[in-house]
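The structure under discussion appears below in the form of structure tokens.
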Amino acid sequence: MAENKQTMGFQAEVKQLLQLMIHSLYSNKEIFLRELVSNASDAADKLRFEAINNDALYGNDHEVKIRVAFDKDARTITISDNGIGMSREEAISHLGTIAKSGTKEFFGKLSGDQQKDAALIGQFGVGFYSGFIVADRITVESRRAGLDASEGVRWESAGEGDYSVEQIEKAGRGTDIILHLRDGEEELLNEWKLKSIIRKYSDHISLPIQMMKEGSDELETINQASALWARSKNEITPEQYEEFYKHVSHDFGAPLTYTHNRVEGRSEYTQLLYIPAKAPFDLWDRNKRGGIKLYVKRVFIMDDAEQLMPTYLRFVKGVIDSADLPLNVSREILQESRDVKAIREGSTKRVLGMLEELANADEQEKKDKYATFWTEFGQVLKEGIGEDFANKERLSKLLRFASTHNDSDVQDVSLEAYVGRMKEGQDKIFYVTADSYAAAKNSPHLEIFRKKGVEVLLLTDRVDEWMLSFMHDFEGKELHSVAKGGLDLGAMEDEAEKKEHAETETQYQDLVGKMKEALADKAKEVRVTFRLTDSPACLVADENELSGNLLRMLKAAGQAAPESKPILEINPQHPLVMRLKYEDAASDKFKDWSHILFDQALLAEGGTLSDPASFVKRMNEMLLSK
1 MAENKQTMGF QAEVKQLLQL MIHSLYSNKE IFLRELVSNA SDAADKLRFE AINNDALYGN
61 DHEVKIRVAF DKDARTITIS DNGIGMSREE AISHLGTIAK SGTKEFFGKL SGDQQKDAAL
121 IGQFGVGFYS GFIVADRITV ESRRAGLDAS EGVRWESAGE GDYSVEQIEK AGRGTDIILH
181 LRDGEEELLN EWKLKSIIRK YSDHISLPIQ MMKEGSDELE TINQASALWA RSKNEITPEQ
241 YEEFYKHVSH DFGAPLTYTH NRVEGRSEYT QLLYIPAKAP FDLWDRNKRG GIKLYVKRVF
301 IMDDAEQLMP TYLRFVKGVI DSADLPLNVS REILQESRDV KAIREGSTKR VLGMLEELAN
361 ADEQEKKDKY ATFWTEFGQV LKEGIGEDFA NKERLSKLLR FASTHNDSDV QDVSLEAYVG
421 RMKEGQDKIF YVTADSYAAA KNSPHLEIFR KKGVEVLLLT DRVDEWMLSF MHDFEGKELH
481 SVAKGGLDLG AMEDEAEKKE HAETETQYQD LVGKMKEALA DKAKEVRVTF RLTDSPACLV
541 ADENELSGNL LRMLKAAGQA APESKPILEI NPQHPLVMRL KYEDAASDKF KDWSHILFDQ
601 ALLAEGGTLS DPASFVKRMN EMLLSK
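In UniProt numbering, the protein residues as written are 1 to 626.
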């Protein structure tokens, strides 16, 4: 029927889109199969809808399916469906023009920058035209359900300026899309390759996607053809949930816990979210994409939709299936969409709810699970204090720390438990930061707190200093570093103690002045302290300056750290300090002892001496002196 063949020109926008897409989206060329399978699934959905009132559309073929085939000799891949199909007019309308609102505005934004334009193309949607990423010619043969076999249509184009349309004989309804591959795309002419792409992108299309087994006449269904998350919870066994977790996470172990919900309201979506029992090796790579697979109406869109979950919950695995987002949603659309924002907020709250259920449970099994979670992911969760202001209060209740209450480095003390144990008259939550549990536990700053039985949190994670810059109090109680500012025990000090301290400070006023002069190059200030009971001295940071621990971390990371001198606090009850009080301030011995006390205090808090040789020399001289 060659006399029916017509050559027609593409709509101008189609030409522009084709050229941009071929060059800009090539780096993710596998999406062509996802797009064409999704279109085939849509065609099946349309047939099912129209057949509700006209069952004759099915003819003698009620089993709707998708088939993928390849021919190495002809260098073709064929995607076939027995869905609604197209008439001649529909083929011209659907394949030759872009009928979308905002088309002109879309093309007006194109800049010629491939990377930026690729983002816009993804935002606009590519659909059928994605086939030209891998094909230099596409043939479409289709027949609309309900039309005669003689009313089939063949549409063909090389993706340049025009396309041809002709009437053909087609026995069955539906559409065959034949991709004539470009040179260099031979890897796609492979049974394993096509099956892996289908399983990756279209595993949960509800229709069976079939391929012929190579070397046989037997058809094989490649996808599961059933979305587990779309089924009712009471139809799914714990074992099935566990197996699905292994599928989406590539984890060999079972998850710690999971949640499966259908959310209805302004945004409609289904979520199946898992918390792993073990941290992945790349947990600390903050540039790593998230672990959430995004589906739209059961069609896979992307497997690392980080916009659906905040960075501090990057360990969460699972699926979110939206009923509202467009099929060709891009990462740029995800960043700007109100629906995505609602999904992100809802999913974040759901994950925090799962963690709260474990953290606040009475059952030992759940308590143990939360302890496991905290060991694996606690440091990551702490990032949320600075990143998620809306959930800061909920997150603060999930935090766990080591403390002087337990003689263990296990982080199992909550802020609520700490507040519940606060001493009468105590109005602050005290903490100390260090680079190890041993350094924190043995810090001289804790001596007065041990004497008075006041609990101190021992913070040793690298993220703690950063977290504390965003969390200044808990339930109205200020978080206060025992290594910053002057000692203020508030109502825990009685009047007699305060009077005694004032008298002692006066007695040591001269010594403080002399030591400050001797240590002018090291110490910002020297003062008497009553926080020490066993150590002769300690270093503290001024109230508004960075702690010594944070300064060391910044320098170790190669980051610029502000230059600041610490304050040396001396214990007036220690024999070394009492002896120094009577030394001649002009003598070398006085200066050496002053430097030794400073260097010892620096070592005690985990610092590094700038001149260790001088320290050793002074110590040896002092040990040999009478």
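C-beta atoms are modelled at their ideal positions from N, C-alpha and C, and glycine is treated no differently.
Quantities reported herein were computed from a predicted structural model and do not represent experimental measurements.
Residue 260 has its alpha-carbon roughly 47 Å from the corresponding atom of residue 544. With a cutoff of 8 Å on beta-carbon distance, residue 268 and residue 323 are scored as near each other. Around the beta carbon of residue 483, 16 or more other beta carbons sit within 10 angstroms, so the residue counts as buried. With fewer than 16 other beta carbons inside 10 angstroms of its own, residue 368 counts as exposed. DSSP places residue 295 within a strand segment (E or B) once states are collapsed to three. Taken atom to atom, the span from the alpha-carbon of residue 372 to that of residue 357 is near 14 Å. Residue pairing from DSSP places residue 270 in a beta bridge opposite 262 and 321. Contact between residue 315 and residue 401 fails: their C-beta atoms lie close to 20 Å from each other, not under 8 Å.
Within the DSSP bridge table, the entry for residue 474 names 477 as partners. Taking the C-beta atoms as reference points, residue 34 is found no nearer than 8 Å to residue 86. By the CB criterion at 8 Å, residue 36 and residue 159 fall outside the cutoff.
Closest option to residue 460, judged by alpha-carbon separation, among 449, 53, 197 and 431: 431. When beta bridges are read from the DSSP output, residue 168 appears opposite 152. When C-alpha distances from residue 226 are compared across 218, 240 and 217, the shortest belongs to 240.
In this structure residue 616 is exposed. Its beta-carbon is surrounded by fewer than 16 other beta-carbon atoms within 10 angstroms.
In the DSSP assignment, residue 220 is bridged to 211.
Note on geometry: alpha-carbon atoms of residue 609 and residue 439 lie some 16 Å from one another. If you ignore the 5 residues before and after residue 9, its C-beta comes within less than 7 Å of the C-beta of 161 and 162, all in its own chain and listed in chain order. C-alpha of residue 458 to C-alpha of residue 422: approximately 16 Å in a straight line. Residue 569 has 527 and 538 as its beta-bridge partners, per DSSP. Relative to residue 350, the option among 420, 132 and 391 whose CA is nearest is 391.
Straight through space, the alpha carbons of residue 596 and residue 619 are spaced by roughly 7 Å. Beta-bridge partners assigned by DSSP to residue 69: 78. Here residue 78 is near residue 177, since their CB atoms are less than 8 Å apart.
Of the candidates 266, 138 and 397, the residue whose Cα lies closest to the Cα of residue 414 is 397. In terms of CA proximity to residue 4, 167 leads the group 63, 167, 212 and 15.
Your pair residue 133 and residue 32 checks out as a contact, with CB atoms roughly 5 Å apart and the cut at 8 Å.
In the DSSP annotation of this structure, the continuous segment of the alpha helix (DSSP H) that includes residue 468 starts and ends at 463-468.
Less than 8 Å divides the Cβ of residue 81 from the Cβ of residue 175.
Using a Cβ distance threshold of 8 Å, residue 218 and residue 211 do not count as a contacting pair. Here residue 162 is bridged, per DSSP, to 9. When DSSP states are grouped into helix, strand and coil, residue 41 belongs to the helix group.
By a beta-carbon distance limit of 8 Å, residue 277 contacts residue 255. Their separation comes to about 6 Å. Taking a 10 Å sphere around the C-beta of residue 149, we find fewer than 16 other C-beta atoms and assign the residue as exposed. Residue 130 has its alpha-carbon roughly 12 Å from the corresponding atom of residue 137. Between residue 487 and residue 529, the C-beta gap is smaller than 8 Å, which places the two residues in contact.
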